Amino acid sequence: MQISSGKTLQKLIPVLLTMSVLVFFACSGAPAGRSEPGLTLELFEEPSPGAAVSFSALDSSEFSRRIAGETEKRFRPPGSPEVELKLLLRTQVQSREDRSPGFLSKRYEIHLEGSLMDRDNSRIGTLLGRLEYRRSRFQLSGNDEADQYDIWDRDFVEWCAERIVEALTF
Numbered sequence: 001m002q003i004s005s006g007k008t009l010q011k012l013i014p015v016l017l018t019m020s021v022l023v024f025f026a027c028s029g030a031p032a033g034r035s036e037p038g039l040t041l042e043l044f045e046e047p048s049p050g051a052a053v054s055f056s057a058l059d060s061s062e063f064s065r066r067i068a069g070e071t072e073k074r075f076r077p078p079g080s081p082e083v084e085l086k087l088l089l090r091t092q093v094q095s096r097e098d099r100s101p102g103f104l105s106k107r108y109e110i111h112l113e114g115s116l117m118d119r120d121n122s123r124i125g126t127l128l129g130r131l132e133y134r135r136s137r138f139q140l141s142g143n144d145e146a147d148q149y150d151i152w153d154r155d156f157v158e159w160c161a162e163r164i165v166e167a168l169t170f
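Each residue of the sequence shown is one higher than the last, beginning at 1 in my numbering.
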């Protein structure tokens, strides 16, 4: 696959379609082999109208701070050792709580925004994604801070970028 400045995203559509399937399966479980129920990934080329309208502003909990961030990964597509691409990936988190007496359900929406760049830093593709994580629990006390929703032990944005690069270079 030859990619140079000025080429369109159309050259990457087969790669992006393959990537979306592979990333879906790669992200359907949590890092380090730990599986968390309720974690799904949806990749789309354009944001759907009204996406995340019902969510609050960016979440500032400890969980959200651990999985929001930015990273950069350089890689070479298969069959083109002279071509180097760069993935810039950013994650943001929004959340919503549903409360009823003695029960709390918290839903996190993790937005992924990635840019594929060539050697000259020209954008050749955009990746938008949305991960959803739901967690429900019984409230044993009025202390909302008792459960930090702490599910992963490593840098989430780095983990996502590694999975995307693996899918692109498979």
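Ideal Cβ positions, reconstructed from N, Cα and C, are used throughout, including at glycine.
Fair warning: this is a prediction, and the values are worked out from it, not measured in the lab.
- With fewer than 16 neighbouring CB atoms inside 10 Å of its own CB, threonine 126 falls in the exposed class.
- Only residues of its own chain outside the window of five on either side were considered, and among them Glu72, Gly114, Ser115 and Met117 have a CB closer than 7 Å to the CB of leucine 88, listed in chain order.
- Look at glutamate 72 here: in three-state DSSP terms it is strand.
- In the structure shown, the three-state DSSP call for arginine 123 is strand.
- CA-to-CA, the gap between valine 93 and proline 81 works out to about 36 Å.
- In summary, glutamate 109 is buried, with 16 or more beta-carbon neighbours lying within 10 Å of its beta-carbon over all protein chains present.
- Per DSSP, valine 165 is one residue of the alpha helix (DSSP H) stretching across 156–168.
- Going by C-alpha positions, alanine 167 is about 15 Å away from valine 157.
- Counting every other CB atom within 10 Å of its CB across the protein chains shown gives arginine 163 a total of 16 or more, marking it as buried.
- Between glycine 69 and arginine 90, the alpha-carbon positions lie close to 6 Å from each other.
- Per the C-alpha coordinates, the member of Asp98, Ile124, Arg107 and Ser122 positioned closest to arginine 130 is Arg107.
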